[in-house]
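Asks:
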Amino acid sequence: MKNHFILLIIITLTFGCTDKKSKKVSNNMSNSSEYTEYNGTASLTQGIATTIAENIYSCERGRKTDIGEITSTDGKKWIVPSETNYTNHNFPFAADLFNSCEGKNYATPQEALSNFNDSNTVVIDKDGELFTTYIFADNYFEMFVNGVPIGKDKVPFTEFNSSVVKFKVQKPFTIAMKLVDWEEHLGVGCEPNRGKSFHAGDGGMVAVIKDIQNNIIATTNENWKAQTFYTAPITNLNCVSEDGAYRYSKNCDTNGGQDGALFYALHWELPNDWMKTNFDDSNWPNATTYTNQTIGVDNKPAYTNFTSIFDDSENDAKFIWSTNVILDNEVLVRYTIK
12 MKNHFILLII
22 ITLTFGCTDK
32 KSKKVSNNMS
42 NSSEYTEYNG
52 TASLTQGIAT
62 TIAENIYSCE
72 RGRKTDIGEI
82 TSTDGKKWIV
92 PSETNYTNHN
102 FPFAADLFNS
112 CEGKNYATPQ
122 EALSNFNDSN
132 TVVIDKDGEL
142 FTTYIFADNY
152 FEMFVNGVPI
162 GKDKVPFTEF
172 NSSVVKFKVQ
182 KPFTIAMKLV
192 DWEEHLGVGC
202 EPNRGKSFHA
212 GDGGMVAVIK
222 DIQNNIIATT
232 NENWKAQTFY
242 TAPITNLNCV
252 SEDGAYRYSK
262 NCDTNGGQDG
272 ALFYALHWEL
282 PNDWMKTNFD
292 DSNWPNATTY
302 TNQTIGVDNK
312 PAYTNFTSIF
322 DDSENDAKFI
332 WSTNVILDNE
342 VLVRYTIK
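Numbering (our numbering), first residue to last: 12 to 349.
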């Protein structure tokens, strides 16, 4: 009886351990299955990127502005949150409309313009018209006109700032901008916020273009083109879809979490000459517009000090982004002014 009892215990322990191992293998296979079933056009990464540059800009109350690199399943290397021209000295910085990081706390457009150095005006055409563009971007922008670099954001992340750029060009001309929602958890589009270690941040950009007579000739709206090239965090690859050039993540969870080690990201290569006038953006989606409340600017003086421009009673500019203002982190936008 004693020998039978010992044998029974051995059998029980053996099957118990086998069962636990089987469950572990099954879970790994489930993750692998989801991983391999993705059949979209993006390159796929999972987890946190390797930091390759730290704090490319520092602000006393700002978030870290690191840059990372990550390799996708197809062997490509990706710079996150974006490969920018921030450290390129040949790409001019935009002038400050408001920048608390550097003490440029201008209260009105007039005060900001009085401090604008006219030597910073970019001349594309010597006999062109003079235009002024006012920009608030969450978080970072680079602006081109007819493929020529016009201005880049001084503050890649926070504190929130706003910018003004001036240029001379003949009509018609094409504005092209790279927009980046920066991230602290590189490679998964997240930052610590609102009680979560991995909170999915959001983007948004608004711009107003005026002529030398101070007339508004263009604002950001649904007629701009907007395409995403980096989407994260994705917790379930089954939530994403594509329809031609349309890249949708509207059915994806935006809640983030406390651990992003298994979060996915989707990356698309930027097309050549996307900033040039003759680039064909006809198959890109139109920009999606968002309200001030959705972007959350009502407590940001970088915006509220200049509502006379951004929220003009007769020509109210709209915040624009791609179809998902939370998960899409690198977005290209374009618009031609005739």
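All residues carry an ideal CB built from backbone N, CA and C; glycine is no exception.
Take THR143 as the anchor and find which of ASP322, ASN131, THR318 and GLU113 has the nearest alpha-carbon.
Replies: The residue with the shortest Cα to Cα distance from THR143 is ASN131.
Asks: Less than 8 Å separating the beta-carbons of LYS236 and ALA276?
Replies: Not closer than 8 Å, so no.
Asks: Classify ILE63 as buried or exposed, calling it buried when 16 or more other Cβ atoms lie within 10 Å of its own Cβ.
Replies: Classification of ILE63: exposed, given that the 10 Å Cβ count is below 16.
Asks: Compare the beta carbon distance of ILE81 and ILE67 with 8 Å and say whether it is the shorter of the two.
Replies: No, these two residues do not count as a Cβ contact at 8 Å.
Asks: Tell me whether GLN304 sits in a helix, a strand or coil according to DSSP, three-state version.
Replies: GLN304 falls in the helix class under three-state DSSP.
Asks: If you compare alpha carbons, which of ASP85, ILE161 and LEU55 is closest to ALA106?
Replies: Ranking the options by Cα distance to ALA106, first place goes to ILE161.
Asks: Have a look at the DSSP bridge pairing and note the partners of LYS177.
Replies: Note: LYS177 sits in a beta bridge opposite THR143.
Asks: Below 8 Å, can you find three or more Cβ-Cβ pairs linking the segment 253 to 264 to the segment 108 to 123?
Replies: At 8 Å Cβ cutoff, the stretches do not touch.
Asks: Quick check on ILE90: does DSSP put it in helix, strand or coil?
Replies: ILE90 falls in the strand class under three-state DSSP.
Asks: In whole angstroms, what separates the C-alpha of ASN238 from that of VAL180?
Replies: Going by the sequence as given, residue 238 is Gln instead of Asn. Answer to the nearest angstrom: the Cα atoms are 26 Å apart.
Asks: Given LYS207, which residues of its chain have a CB within under 7 Å of its CB, disregarding the five upstream and five downstream residues?
Replies: Cβ within range, chain order: GLY267, GLY268 and GLN269.
Asks: So is TRP89 in contact with chain C if we call contact Cβ pairs under 8 Å?
Replies: Among the chains in the structure shown there is no chain C, since it carries only a single protein chain.
Asks: Since PRO296 and THR334 are thought to touch, with beta carbons under 8 Å apart, how far apart are those beta carbons, to the nearest angstrom?
Replies: That pair is a contact at about 6 Å.
Asks: Quick one: what does DSSP say ILE320 is sitting in, helix, strand or coil?
Replies: Looking at ILE320 - three-state DSSP - the assignment turns out to be helix.
Asks: Going by C-alpha to C-alpha distance, which of ILE227, LEU124 and HIS196 sits closest to GLU65?
Replies: The option with the nearest alpha carbon to GLU65 is HIS196.
Asks: What are the boundary residues of the alpha helix (DSSP H) that includes SER125?
Replies: First-last of the alpha helix (DSSP H) with SER125: 120 to 125.
Asks: Cβ of VAL175 within 8 Å of Cβ of CYS112?
Replies: It is not a contact, given that the beta carbons lie outside the stated cut-off.
Asks: Measure the alpha-carbon distance for SER37 versus ASP149 and round it to whole angstroms.
Replies: Note that SER37 scores a pLDDT of 28, beneath 50, so its modelled location is shaky; the value from the coordinates is reported in the next line. Taking the straight line from one Cα to the other gives about 42 Å.
Asks: By the 10 Å Cβ neighbour count, where 16 or more other Cβ atoms means buried, how is GLU52 classified, buried or exposed?
Replies: First, the residue type needs correcting, since residue 52 is Thr and not Glu in the sequence shown. It counts as exposed.
Asks: By the DSSP assignment, the beta strand (DSSP E) with PRO160 in it spans what residues?
Replies: Looking at the DSSP string, the run of the beta strand (DSSP E) that includes PRO160 is 159 to 163.
Asks: In the DSSP assignment, the beta strand (DSSP E) including TYR241 goes from what residue to what residue?
Replies: Unbroken beta strand (DSSP E) run through TYR241: 236 to 245.
Asks: What residues match up with SER252 in a beta bridge as DSSP calls it?
Replies: For SER252, which the question treats as bridged, DSSP gives the partners TYR259.
Asks: So, with DSSP's three-state summary, where would you put CYS70?
Replies: Correct three-state label for CYS70: coil.
Asks: Let me know if LEU343 comes out buried or exposed under the rule of 16 or more other beta-carbons within 10 Å of its beta-carbon.
Replies: LEU343 should be labelled buried.
Asks: Taking the continuous alpha helix (DSSP H) assigned at PRO312, which residues delimit it?
Replies: Run containing PRO312: 312 to 315, per the alpha helix (DSSP H) assignment.
Asks: Which of the three DSSP states is assigned to SER208 in this structure?
Replies: Correct three-state label for SER208: strand.
Asks: Pull up the distance between the alpha-carbon of LYS349 and that of PHE171, whole angstroms please.
Replies: Cα-Cα distance, rounded: 32 Å.
Asks: Tell me whether the segment 244 to 258 and the segment 222 to 233 touch, counting them as touching only if at least three CB pairs, one residue from each stretch, are closer than 8 Å.
Replies: Judged by Cβ distances under 8 Å, the segment 244 to 258 makes no contact with the segment 222 to 233, as fewer than three pairs qualify.
Asks: Please state whether DSSP places ASN232 in a helix, a strand or coil.
Replies: DSSP places ASN232 in coil when its eight states are reduced to three.
Asks: Kindly indicate the opening and closing residues of the beta strand (DSSP E) around SER54.
Replies: From DSSP, the beta strand (DSSP E) with SER54 extends over 54 to 57.
Asks: Using DSSP bridges, identify the partner residues of GLU80.
Replies: In DSSP, GLU80 forms a bridge with THR61 and ILE90.
Asks: Can you say whether HIS100 is buried or exposed, counting buried as having 16 or more other CB atoms within 10 angstroms of its CB?
Replies: Answer is exposed; the Cβ neighbour count stays below 16.
Asks: Enumerate in chain order the residues of its own chain whose CB-to-CB distance from SER252 is below 7 Å, with the five nearest sequence positions on each side excluded.
Replies: So the list reads TYR259, once near-sequence residues are dropped.
Asks: When the Cα atoms are used, what is the spatial distance from PHE317 to SER125?
Replies: Going from the Cα of PHE317 to the Cα of SER125 covers about 15 Å.
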